[in-house]
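Using my numbering, you'd call the opening residue of the sequence shown number 2 and step up by one each time.
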Amino acid sequence: MFVVAQISDLHFRNSDPEQLARVDAVMRYLNDRCGGPSAIDALLVTGDLADDGLPGQYEEAAAHVITEIPTLTLLGNHDDRIAYHGGLQPVNSSLLLDGLLLLGLDSSVPGRQDGELTETTLAWASEQIEAAGDVPVLIAFHHPPIDVGMPFMDSIRQLDPSGFEAFVRRHQNIVGLVCGHIHSPSATTFAGVPLVTAPGVSSTLNLPFEGDDVLNDTQPPGIAFHFIDDTGRLTTHFRSVRLG
Ligand SMILES: [Fe+2]
Ligand SMILES: [Fe+2]
Numbered sequence: 002m003f004v005v006a007q008i009s010d011l012h013f014r015n016s017d018p019e020q021l022a023r024v025d026a027v028m029r030y031l032n033d034r035c036g037g038p039s040a041i042d043a044l045l046v047t048g049d050l051a052d053d054g055l056p057g058q059y060e061e062a063a064a065h066v067i068t069e070i071p072t073l074t075l076l077g078n079h080d081d082r083i084a085y086h087g088g089l090q091p092v093n094s095s096l097l098l099d100g101l102l103l104l105g106l107d108s109s110v111p112g113r114q115d116g117e118l119t120e121t122t123l124a125w126a127s128e129q130i131e132a133a134g135d136v137p138v139l140i141a142f143h144h145p146p147i148d149v150g151m152p153f154m155d156s157i158r159q160l161d162p163s164g165f166e167a168f169v170r171r172h173q174n175i176v177g178l179v180c181g182h183i184h185s186p187s188a189t190t191f192a193g194v195p196l197v198t199a200p201g202v203s204s205t206l207n208l209p210f211e212g213d214d215v216l217n218d219t220q221p222p223g224i225a226f227h228f229i230d231d232t233g234r235l236t237t238h239f240r241s242v243r244l245g
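Structural data, given as structure tokens:
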């Protein structure tokens with residue numbers, strides 16, 4: 002059994018005390034539970050690390066997102082590749098555990114709010130899957146590839162996921178897809194595979210019947226814990242984290 006934690010949409014924004022308190026509470030929750038025989042195996046940070054993609058916001062992120070858990074950090078539409086790693090190339094990363102491959106794919110498109118997993122990124126991901134052999138694969142990215150019932154976020158998702166759908170259907174050992182962006186925990190399917198979105202750390206966004214404002218200020222930050230068992234089945238648990 003593998004345990005993969007996911008946090009998303011941290012949105013560092015120049016020493017905002019509430020945002021920092023939320024991140025610190027989530028990191029404390031994770032770090033208090035790493036180590037030991039049933040440890041968290043990996044952490045996914047699925048994009049919108051910075052609110053405005055500014056270098057100082059990434060410095061603040063580096064000072065607050067500190068953990069011994071092996072971590073893949075992804076970018077979202079609020080991020081900036083040059084500020085993050087000095088170049089325009091996508092931030093794709095992989096972590097091969099002893100029996101599970103994690104891929105973090107960059108769905109951000111410089112200068113745009115919507116997203117895309119490009120042919121280049123998907124070709125890189127295919128190479129990683131083929132090199133890892135016959136192990137379950139969990140794929141992480143920022144933008145959902147389908148509508149989730151939140152009209153504004155649906156307008157800035159991956160707008161044409163046809164290439165991604167073909168990729169998922171081609172690789173039968175992909176056991177789940179996890180993403181962020183919508184600041185709302187949810188579970189659905191895509192290309193016949195479970196698709197889970199993580200709660201937002203910095204904020205939660207309203208569902209259509211919850212209010213006219215974009216932001217829902219009643220919800221605490223949260224974490225997703227993805228369990229992948231020996232048969233490759235994905236089960237996700239969600240936790241809200243109390244502040245203070
Ligand atoms: Fe976000
Ligand atoms: Fe986003």
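We put the CB at the ideal spot given by N, CA and C, even for glycine.
Source: prediction; values computed, not measured.
Tell me the residue span of the alpha helix (DSSP H) that contains residue i.
i: F165; result: 163-171
i: A51; result: Run containing A51: none; DSSP gives neither H nor E here.
i: Q58; result: 56-65
i: Q129; result: 120-133
i: F153; result: 152-156
Cβ of residue i within 9 Å of Cβ of residue j?
i: D80; j: A124; result: no
i: L96; j: P137; result: no
i: F142; j: L118; result: yes
i: N78; j: D49; result: yes
i: F191; j: V169; result: yes
i: V24; j: V66; result: yes
i: F13; j: E69; result: no
i: F239; j: I229; result: no
i: I183; j: P221; result: no
Would you identify the three-state DSSP class for residue i, choosing helix, strand or coil?
i: I147; result: coil
i: P195; result: strand
i: N217; result: strand
i: F226; result: strand
i: L79; result: One point to set straight first is that residue 79 is His, not Leu, in the sequence displayed. In this structure, H79 counts as coil in the three-state DSSP scheme.
i: L21; result: helix
i: F13; result: strand
i: V179; result: strand
The beta strand (DSSP E) with residue i in it runs from where to where?
i: S241; result: 235-241
i: S94; result: 94-98
i: L103; result: 101-105
### Query
Hey, which residues come within less than 5 Å of ligand 2, measuring from Cβ to any heavy atom, in chain order?
Proximity to ligand 2 was defined by a C-beta distance below 5 Å to any of its heavy atoms, and the residues meeting it, in sequence along the chain, are D49, G77, N78, H182.
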